[in-house]
Structures are given as C-alpha cells and as structure tokens.
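Accompanying notes for the structure given below.
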C-alpha cells in the first residue's frame, strides 16, 4: 500500500491527511450550517449535513485506518491490510445512507414549498466551502500519491464530491435571487442523488478487496509472464491470484528441471518469490516447484 515509504513515515502521512479531512469538514459544517439555519436554505443544510457524515467518516479513518500500517503479529499473521478497505466501506455506507436522508428532506421541501430568504452570505459560505474542500482534496491526493491508500482515496473522492454539491447548492441559492425558490430543494435533491451514487461506488470497490476477489486477466498474464521469463521455468500452472486487503496474494506452481540439485531449486524458488513480490500490487507470493514433464498439470495459466 505504501510503496517504498517507510512504515512510520506512511503512518504519519496517513494521519496528517486524515486530520486535514477532519478539520476541513468541521470548517465547512460551521460555515454552511450557520448560513443555512439563518436563512432557511435546504440546499445549504443538506450540504452541511453531508459534511457531518464526512466528518464521522474522517474520524473513523483517522482512528481505525492507521491500524492497517501495523506489522503482522500472532493474531493477524497476514498483517492488517483488510482494515483499510473495511474503513473505506464504512465511509461509503455512511455517505450513501446520509444521501438517502437528504433526498427525503429535499422531497419534503418540494411538497411543502421552500421557505428561504436570499442573502449574499449564503453565496459567501458556499464559496468558502468550495475553497476549503479543494485545498483538502489537493492535500489528500498529494499524500496519497505515495501511499496509494483506498481509505484516503475514498476521502479524496468525497472532498471532490463536496465541491460538486456546493456548486449545486449555489444554483439553488441563485434561484432564490431570481424569484425561483423551488430551485433550492431541487438542488438539494440533486446533491442527495450524487451523494448516494458516490457512497455506493466507494462500497462496491472495497467489497472486492474484503471478499478476496480476483484481479482481471491482465494481472494474471503479467504474473505468468514474469515467471516464465526466468530461464529455469519450463511451465506454470495452478495460478491463483486474489486480493488480501488492498494487495494481491499469489499462489502458483512452476515447473523446473526435476534433476537439478535441491539447493539450486531452493534458490530458484526464492528468486521467483522475489520477482513476484516486486510486481505492482503484489503483497506476498507462494511458489511451489514441480518437476517438469510428469503430467501434474491441472490448469494451464499459459492457455
């Protein structure tokens, strides 16, 4: 997950990005919530309420997500990589549920009729919120370029979505200015739909990491090619590749000359494991050597 960044440095960078999201959402909630309550804007209150869920998600990522950097131990011999997509799945679930709640409130506003008073402070609060979320988004993305964290990716997507929702809220407020106050709950409804969509997408992506789904055929082909490039490998079979958290686990049988010395075979196995672990996204690899030509092939990875 963290590439070549030392574990301690990764944990610190992850915490900084998480704190930036926590503080950014607090500022946005105060700005939009105060203006929305003061002037009765459903769109601003919806956007501020969205940020309450973002704040909860950011705190969960801050407290829980750092555990993914813990080293393997006796209770978690394969490490803690699955904690990160589990955290991201929580973020997606919270965002989707909140979006449904906001959609209900927007429909209420459409049925009952909007009760909103225009003020330039509404636009000022939204402009400030957009700038706030853009800065948090850029900071999160910059740190995550090194870490490649799915939890931070989820937070970054949510920051970007916050910008879109604030733009929608601006449309609603401008509608009040030009005597079309109905645009305010309509904007709130569009914001809600976008929030629900984002939550579902975040959840869908991270479910694959949690259930050990397999990558696409391109990654299997890359792994097979890496093995076959070794001069001692004569065949590859029984290849299994699956996600263990956000990294890939590889299990494979490689065919080699059955008459080679045991020590040489051991060295080749070590070289193959190192070669696979050097591939992008591969966290661990287990290679079993078989003598070539004995008919043990069960499933050819070479086609």
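Numbering (our numbering), first residue to last: -13 to 289. Glycine included, C-beta positions come from ideal geometry on N, C-alpha and C. The structure presented is a predicted model; accordingly, all values stated were derived computationally and were not measured.
- Annotation for residue 167: no beta strand (DSSP E) segment contains it, and DSSP assigns it neither H nor E.
- Of the candidates 178, 23, -3, the residue whose Cα lies closest to the Cα of residue 152 is 178.
- The residue among 31, 138, 116 with its C-alpha nearest the C-alpha of residue 48 is 138.
- Taking 4 residues as the shortest admissible run, the region 189 to 258 contains the following complete alpha helix (DSSP H) segments, listed from N- to C-terminal end: 203 to 214.
- Between residue 265 and residue 191, the CB-CB gap reaches or exceeds 8 Å.
- With contacts defined by Cβ atoms closer than 8 Å, residue 225 and residue 258 do not form a contacting pair.
- When DSSP reads this structure, residue 271 sits in a beta bridge with 236.
- Membership of residue 114 in the alpha helix (DSSP H) is indicated by the continuous run 106 to 133.
- By the criterion of a C-beta distance shorter than 8 Å, residue 79 is surrounded in its chain by 185, 189, once the five residues flanking it on both sides are discounted.
- Judged by beta-carbon spacing, residue 201 lies beyond the 8 Å limit of residue 28, meaning their Cβ atoms are not closer than that value.
- Non-local C-beta neighbours of residue 158 in its own chain, meaning closer than 6 Å and more than five positions away in sequence, comprise 29, 169, 170, 173, ordered along the chain.
- For the options 267, 84, 272, the alpha carbon positioned closest to that of residue 240 is the one of 272.
- Judged by beta-carbon spacing, residue 233 lies within the 8 Å limit of residue 267, meaning their Cβ atoms are closer than that value.
- If you draw a straight line from the Cα of residue 73 to the Cα of residue 46, it is about 7 Å long.
- If you draw a 10 Å sphere on the C-beta of residue 15, you find 16 or more other C-beta atoms in it, and that means buried.
- Looking at 253, 270, 276, the one whose alpha-carbon comes closest to that of residue 231 is 270.
- Taking C-beta atoms as the reference points, residue 147 and residue 122 fail to come closer than 8 Å.
- Under DSSP, residue 277 forms a beta bridge with 242.
- Taken atom to atom, the span from the alpha-carbon of residue 43 to that of residue 77 is near 5 Å.
- With contacts defined as CB atoms closer than 8 Å, residue 35 and residue 83 fail to qualify as a contacting pair.
- The three-state secondary structure of residue 266, taken from DSSP, is coil.
- Under the three-state reduction of DSSP, residue 27 is assigned to coil, being neither helix nor strand.
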